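Asks: Numbering (my numbering), first residue to last: 3 to 141. We put the CB at the ideal spot given by N, CA and C, even for glycine. Here the structure is a predicted model, which is why all the values come from computation and not from measurement.
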(Lines of atoms letter the chains of each structure in order from A and count residues from 1; the text may use other names and numbers.)
(Lines give C-alpha, C1' and ligand atoms only; values in the text may rest on other atoms or scores of the structure.)
Protein backbone atom coordinates (compact mmCIF):
# COMPACT_ATOMS: atom_id res chain seq x y z
CA UNK A 1 0.00 0.00 0.00
CA UNK A 2 1.30 3.47 -0.87
CA UNK A 3 2.16 5.92 1.87
CA UNK A 4 -0.79 8.20 2.65
CA UNK A 5 -3.30 5.82 1.04
CA UNK A 6 -6.85 6.03 2.35
CA UNK A 7 -8.19 2.89 4.03
CA UNK A 8 -11.75 1.64 3.78
CA UNK A 9 -13.97 -0.72 5.73
CA UNK A 10 -13.69 -4.39 4.68
CA UNK A 11 -17.34 -4.41 3.60
CA UNK A 12 -16.73 -1.40 1.34
CA UNK A 13 -13.64 -3.03 -0.18
CA UNK A 14 -15.61 -6.24 -0.80
CA UNK A 15 -18.40 -4.25 -2.46
CA UNK A 16 -15.79 -2.57 -4.68
CA UNK A 17 -14.44 -5.98 -5.70
CA UNK A 18 -17.99 -7.10 -6.60
CA UNK A 19 -18.55 -3.90 -8.62
CA UNK A 20 -15.31 -4.48 -10.53
CA UNK A 21 -16.34 -8.11 -11.27
CA UNK A 22 -19.45 -6.89 -13.07
CA UNK A 23 -18.56 -3.33 -13.97
CA UNK A 24 -21.66 -2.83 -16.13
CA UNK A 25 -24.08 -3.89 -13.35
CA UNK A 26 -25.63 -0.71 -11.85
CA UNK A 27 -26.96 -2.65 -8.84
CA UNK A 28 -23.40 -3.42 -7.71
CA UNK A 29 -22.39 0.24 -7.94
CA UNK A 30 -25.58 1.16 -6.06
CA UNK A 31 -24.73 -1.30 -3.27
CA UNK A 32 -21.20 0.10 -3.14
CA UNK A 33 -22.49 3.67 -2.86
CA UNK A 34 -24.79 2.64 0.00
CA UNK A 35 -21.89 1.13 1.95
CA UNK A 36 -19.65 4.10 1.14
CA UNK A 37 -22.26 6.46 2.61
CA UNK A 38 -22.82 4.19 5.61
CA UNK A 39 -19.09 4.07 6.44
CA UNK A 40 -18.22 7.60 5.25
CA UNK A 41 -15.67 6.20 2.81
CA UNK A 42 -16.28 8.85 0.15
CA UNK A 43 -12.60 9.71 -0.33
CA UNK A 44 -11.62 6.06 -0.72
CA UNK A 45 -14.35 5.33 -3.26
CA UNK A 46 -13.58 8.51 -5.19
CA UNK A 47 -9.95 7.44 -5.39
CA UNK A 48 -10.95 4.04 -6.74
CA UNK A 49 -13.26 5.50 -9.37
CA UNK A 50 -10.64 8.11 -10.35
CA UNK A 51 -8.25 5.27 -11.15
CA UNK A 52 -10.68 4.56 -13.99
CA UNK A 53 -11.09 8.18 -15.10
CA UNK A 54 -12.44 8.50 -18.62
CA UNK A 55 -14.69 5.46 -18.23
CA UNK A 56 -18.32 6.62 -18.53
CA UNK A 57 -19.45 4.45 -15.61
CA UNK A 58 -16.60 5.66 -13.38
CA UNK A 59 -17.28 9.28 -14.29
CA UNK A 60 -21.00 8.88 -13.54
CA UNK A 61 -20.25 7.22 -10.20
CA UNK A 62 -17.79 9.98 -9.29
CA UNK A 63 -20.54 12.53 -9.85
CA UNK A 64 -22.94 10.47 -7.69
CA UNK A 65 -20.27 10.22 -4.98
CA UNK A 66 -19.75 13.98 -5.06
CA UNK A 67 -23.47 14.63 -4.69
CA UNK A 68 -23.83 12.04 -1.94
CA UNK A 69 -20.85 13.40 -0.01
CA UNK A 70 -22.20 16.94 -0.31
CA UNK A 71 -25.65 15.85 0.88
CA UNK A 72 -24.12 13.97 3.81
CA UNK A 73 -22.01 16.98 4.74
CA UNK A 74 -25.01 19.31 4.67
CA UNK A 75 -27.24 16.87 6.55
CA UNK A 76 -24.74 16.36 9.37
CA UNK A 77 -23.52 19.95 9.64
CA UNK A 78 -24.24 21.71 12.90
CA UNK A 79 -25.62 25.20 12.84
CA UNK A 80 -23.34 27.90 14.17
CA UNK A 81 -24.81 29.36 17.35
CA UNK A 82 -26.23 32.80 16.72
CA UNK A 83 -24.38 35.60 18.41
CA UNK A 84 -26.43 37.84 20.69
CA UNK A 85 -24.12 40.70 19.78
CA UNK A 86 -24.47 42.77 16.66
CA UNK A 87 -22.05 42.11 13.83
CA UNK A 88 -19.72 44.99 14.75
CA UNK A 89 -20.20 45.16 18.52
CA UNK A 90 -16.65 44.05 19.33
CA UNK A 91 -15.21 46.45 16.76
CA UNK A 92 -17.21 49.32 18.22
CA UNK A 93 -16.11 48.44 21.75
CA UNK A 94 -12.49 48.38 20.66
CA UNK A 95 -12.90 51.77 18.96
CA UNK A 96 -14.49 53.30 22.06
CA UNK A 97 -11.74 51.82 24.25
CA UNK A 98 -9.05 53.30 22.00
CA UNK A 99 -10.74 56.73 22.08
CA UNK A 100 -10.95 56.63 25.88
CA UNK A 101 -7.27 55.67 26.10
CA UNK A 102 -6.38 58.50 23.71
CA UNK A 103 -8.37 61.01 25.79
CA UNK A 104 -6.71 59.82 29.01
CA UNK A 105 -3.30 60.09 27.35
CA UNK A 106 -4.01 63.66 26.26
CA UNK A 107 -5.22 64.62 29.75
CA UNK A 108 -2.12 63.04 31.29
CA UNK A 109 0.15 64.87 28.84
CA UNK A 110 -1.59 68.17 29.64
CA UNK A 111 -1.24 67.63 33.40
CA UNK A 112 2.45 66.80 33.04
CA UNK A 113 3.03 69.86 30.84
CA UNK A 114 1.24 72.15 33.32
CA UNK A 115 3.07 70.73 36.37
CA UNK A 116 6.47 70.88 34.72
CA UNK A 117 5.83 74.38 33.47
CA UNK A 118 5.11 75.80 36.98
CA UNK A 119 7.59 73.79 39.02
CA UNK A 120 10.67 74.89 37.08
CA UNK A 121 12.63 77.64 38.72
CA UNK A 122 12.82 80.88 36.82
CA UNK A 123 16.60 80.98 37.16
CA UNK A 124 19.16 78.28 37.90
CA UNK A 125 19.96 77.65 41.55
CA UNK A 126 23.72 77.53 42.25
CA UNK A 127 25.03 74.28 43.65
CA UNK A 128 25.80 74.38 47.37
CA UNK A 129 27.64 71.85 49.48
CA UNK A 130 25.59 69.67 51.76
CA UNK A 131 25.68 70.55 55.43
CA UNK A 132 28.35 68.59 57.26
CA UNK A 133 30.33 67.88 54.15
CA UNK A 134 33.71 69.43 53.70
CA UNK A 135 35.96 70.00 50.80
CA UNK A 136 38.93 67.68 50.47
CA UNK A 137 42.11 69.29 51.68
CA UNK A 138 44.36 70.59 48.97
CA UNK A 139 47.94 69.26 49.09
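Which whole-angstrom value describes the C-beta separation of residue 14 and residue 46, a residue pair presumed to lie in contact below a C-beta threshold of 8 Å?
Replies: 7 Å between Cβ atoms; contact.
Asks: DSSP three-state label for residue 130, please.
Replies: Coil, per DSSP.
Asks: Check each candidate in 88, 44, 59 and 108 and name the one with the smallest Cα separation from residue 30.
Replies: For the residues 88, 44, 59 and 108, the minimum Cα distance to residue 30 belongs to 59.
Asks: Considering only their Cβ atoms, is the gap separating residue 43 from residue 11 smaller than 8 Å?
Replies: Yes; because the gap between Cβ atoms is below 8 Å, this pair is in contact.
Asks: For a quick check, are the C-beta atoms of residue 67 and residue 35 less than 8 Å apart?
Replies: Closer than 8 Å, so yes.
Asks: Closest by CA to residue 71, which one among 81, 90, 37 and 98?
Replies: Answer by Cα proximity: 37.
Asks: So, is residue 110 buried or exposed, given that buried needs 16 or more other C-beta atoms within 10 angstroms?
Replies: Per the 10 Å Cβ criterion, exposed.
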